[in-house]
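Below: the structure, in C-alpha cells.
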Amino acid sequence: MSKQLRIWLFVLLGTLFTSSSLLAEGIITMTTSKAIGETILLRVVANGNVSIEGALETGEMNEDGFKFYTIKSQTITIRGDVTSLNCGESELTSLNLSQNTALTSLECSYNQLTSLDVSKNTALTKLDCCCNQLTSLDVSKNVALTKLACFSNQLTSLDMSKNTALEVLNCFSNQLTSLEVSKNTALTKLWCSYNQLTSLDLSQNIALTKLDCSYDQLTSLDVSGCTALTELNCINNQLTSLDVSKNTVLTELECSYNQLTSLDLSQNTALTELFCHSNQLTSLDVSKNTALEVLDCLYNQLTNLDVSKNTSLTSLECSYNQLTSLEVSKNTALEVLDCFSNQLTSLDVSKNTALEVLDCFSNQLTSLDVSKNTALEVLNCFSNQLTSLEVSKNTALTRLNCDYNQLTSLDVSKNTALTTLGCNDNKLTNLNMSGCANLMVINCSNNYINGKAMTKLVNSLPNRRGKSNGTIVIVDSSSKKSDKNRCSAADVTTAKRKNWKVRQ
C-alpha cells in the first residue's frame, strides 16, 4: 500500500470515528419562557463531559447540587450522555429528550409543559413530571420505571400495563375516570386522590403499604388483599362500608367524609391514628386499639365513646355527636380535647395535666375545673351554663372564650400570656385587664359593665402604642338596645390613646 493511500485511509477512519462519536453524543433541548438574563437552576449528571449552550454557568451551586445559570437564549441545549436531569421550576414550555437515551432519572416538575415524549428514554427508572399542563402521558416504552410522579396535570387516562417494575405511583389531582394497576404487582405506594375514579381494583397489589384514594367517587373499596397496608386514606368518597379486618398492620386510617354506618377496628391493633369524622357512625369500639394516639370521630351520631383503653391518646376530637358523658381520666397524655357540641353536663379533666387545648363549648356544663391543667393554652368553654370560672392556675393561657355563660365575675390577673378574651354575653359587672400585657382582642359586650367599672376596665387595658392596634368590643352593634354595657366618650378617647379600636 502506498504512503499516500495509507494517509487517506487514516483520514477516512478518523472522520468516521469522529462522526460516530458525534452521533453517540446525547442531546437535550429545552425552551423556557423566562427572559434572557434571568437565572435558571439545573442539576445534570452524565457519563463523561457535558456542555450547555444557551445558558452560562455562574459558578454558584445550592445545597441540593443545583447549578445556577444565566439565560443567554430561550432555547437551551445540553450535550453529553446525561443520566439524570432535574430542570424543575424553570418555566419550560418544551423539552426534547429523544436524542438522549442514557437518561435514567428525569425531574421536570413545576413547568409549563403541555406534552412530554419519553418513548426513546427506555432506561428511565424515575420520572417526575408533576405540576405541568400535560393532557396525556405515554410510558409504555419505559418498562424499567420504578417511580412515577405525574400528579397535578390534566391527564384523563394513564396506561401503566407495561410498567410491571413500578413501585411508586403518584397520579393525584388529574382527571382520571379509571386506573388499572393489576399489572403493577410491585407497587408499594399509590396516590390517586383528587380524580374521578368510581372503582379501583387492588386485588393484585399485595405489596401495597400506602394508599391514598381520597377525594374520588368510589362507592366501594376492597383492600382485603393488601395485607401489608400501613396507611390508608379514602376520605371524601361515597363508601357505605369499609372492611379493614385483613389489614392488621395498619397504623393510619383516614376514612372521613363517607357514608359509613359502622366500622370494625378489632383487628387493627397497631392503629395509631384514626380519622373517621363526618360519617353516620352510631357506635365506635376502639378498645382493641390501645396504641391509638390520635382519634378524630367528630360529626357522627355517637351516643357513647369509651376511650379508657386508649391511654396513649394525645388528641381526641369527638365533637358534634350526641354524647351525654365523656370519661377521659385514663387519657393522661391528652394534649388536645375537642368535645364541643354534644350534650355533656359534666367534664372532669383533672387527670389531663398535659392538656394544651380544650374545646368544650356548646354543651350543658354547669361547672368546669381546670385548676390542674396548668399547660392549657387555649380554652373555649362558651355556650354552656357556667356560673363561675377559675383560671388563675392557667398562666399559659393565650386564648380564652367563655362567652354565653352566666358568669358574674372573671379574674384574669394571672393570665399574663392572654392575647384574646371573649367573655361577652355573661353577667359581669366589672373586668380588670391590668395583668394582661399581651392582650390584643377583647369582646366584653352584653354584660353589665358601666360607669366607674367601665372606666376602670378601659384604664386597665395594656398600652399598644408602637404596636399593632388592639380591638375591644364593648357594645354589640346588633343588640345595642339590650346591651347593658355603657362606655363614655372619655373612656373611648382613653382607649384610642392606647391604640385600641373601640366598637360600641
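Using mature numbering (1 follows the signal peptide of the UniProt record, and there is no 0), the letters of the sequence shown map in sequence onto residues -24 to -1, 1 to 480. The C-beta atom is built at its ideal place from N, Cα and C for all residues, glycine as well. Here the structure is a predicted model, which means the values were calculated and not measured.
Local Cβ density within 10 Å of residue i, reported as buried at 16 or more and exposed below that
i     : result
N439  : exposed
D40   : exposed
T7    : buried
N87   : buried
D314  : buried
G13   : exposed
G2    : buried
G64   : buried
L32   : exposed
G446  : buried
L(-2) : Reliability of the predicted coordinates at L(-2) is poor, the pLDDT of 44 falling under 50, and the value obtained from them is presented with this limitation in mind. The residue is exposed, with fewer than 16 neighbouring Cβ atoms inside 10 Å.
E293  : buried
A465  : exposed
M136  : buried
N280  : exposed
N25   : exposed
N38   : exposed
A413  : exposed
D177  : exposed
S284  : exposed
D387  : exposed
Cβ shell of residue i (< 8 Å), same chain only, five flanking positions each side left out
i    : result
Y424 : K403, L404, T405, K460, N461
L152 : L131, T132, S133, L134, C168, N171, Q172, L173
T245 : T224, K264, N265, T266, A267
For residue i, three-class secondary structure by DSSP
i      : result
S(-4)  : Residue confidence is low: S(-4) scores 41 on pLDDT, short of 50, so the model does not pin down where it sits. Its coordinate-derived value is still stated next. Of the three classes helix, strand and coil, the one that applies to S(-4) here is helix, per DSSP.
T59    : strand
K472   : helix
S81    : strand
N435   : helix
A31    : strand
M430   : helix
D188   : strand
S453   : helix
L(-20) : Bear in mind that a pLDDT of 47 at L(-20), under 50, signals an unreliable position, so the number given afterwards is only what the model happens to contain. The answer is helix: DSSP assigns L(-20) an H, G or I state.
D335   : strand
D314   : strand
D93    : coil
D467   : helix
Y45    : strand
E14    : coil
N23    : strand
L71    : strand
L229   : strand
M409   : coil
R462   : coil
D40    : coil
L352   : coil
I425   : coil
L218   : coil
D104   : strand
L415   : coil
Whole-Å CB distance - residue i paired with residue j, under 8 Å assumed
i    : j    : result
M430 : D379 : Contact doesn't hold; Cβ gap of about 18 Å is too wide.
A22  : G56  : 4 Å
N234 : V199 : At roughly 14 Å, the Cβ-Cβ gap does not stay under 8 Å, so N234 and V199 are not in contact.
T161 : A183 : 7 Å
K165 : K186 : 4 Å
L61  : L79  : 7 Å
L299 : L274 : So it is not a contact: roughly 11 Å between Cβ atoms.
L352 : E332 : 6 Å
T308 : N276 : About 25 Å separates the two Cβ atoms, so there is no contact after all.
S9   : G30  : Incorrect: roughly 14 Å between the Cβ atoms, too far for contact.
S326 : K306 : 12 Å between Cβ atoms; not a contact.
L218 : L239 : 7 Å
D188 : F148 : 7 Å
Contact set for residue i: own chain, Cβ-Cβ below 6 Å, skip 5 residues either direction
i           : result
residue 483 : Missing from the structure shown is residue 483; the chain here goes from -24 to 480 and no further.
L377        : In the sequence under discussion, the amino acid at residue 377 is Asn, which differs from the Leu named in the question. Result list for N377: N356, F358, G398, in chain order.
F251        : E230, S232, D272
S436        : N408, M409, S410
residue 487 : Residue 487 lies beyond the range of the chain shown here (-24 to 480); nothing can be said about it.
E83         : N62, G64, D104
S27         : R55
Spatial neighbours of residue i in its chain, beta-carbon cut-off 7 Å, leaving aside the 5 residues before and after
i    : result
L247 : L226, T227, L229, L241, N265, A267, L268
S338 : F316, S317, S359
T51  : T5, T7, G30
K390 : S368, T371, G411
S455 : N422
Proximity test, residue i beta-carbon vs the ligand NAP heavy atom, cut-off 7 Å
i    : result
S317 : You won't find the ligand NAP in this model; it holds no ligand whatsoever.
Uninterrupted beta strand (DSSP E) stretches inside the stretch 234 to 300 (no shorter than 3 residues):
249 to 251, 270 to 272, 291 to 293
Just to confirm the assignment: which complete beta strand (DSSP E) runs, minimum length 3, are found wholly within the stretch 110 to 186?
123 to 125, 144 to 146, 165 to 167
Can you list, in chain order, the stretches of the alpha helix (DSSP H) that have 4 or more residues and sit fully within the stretch 365 to 406?
none
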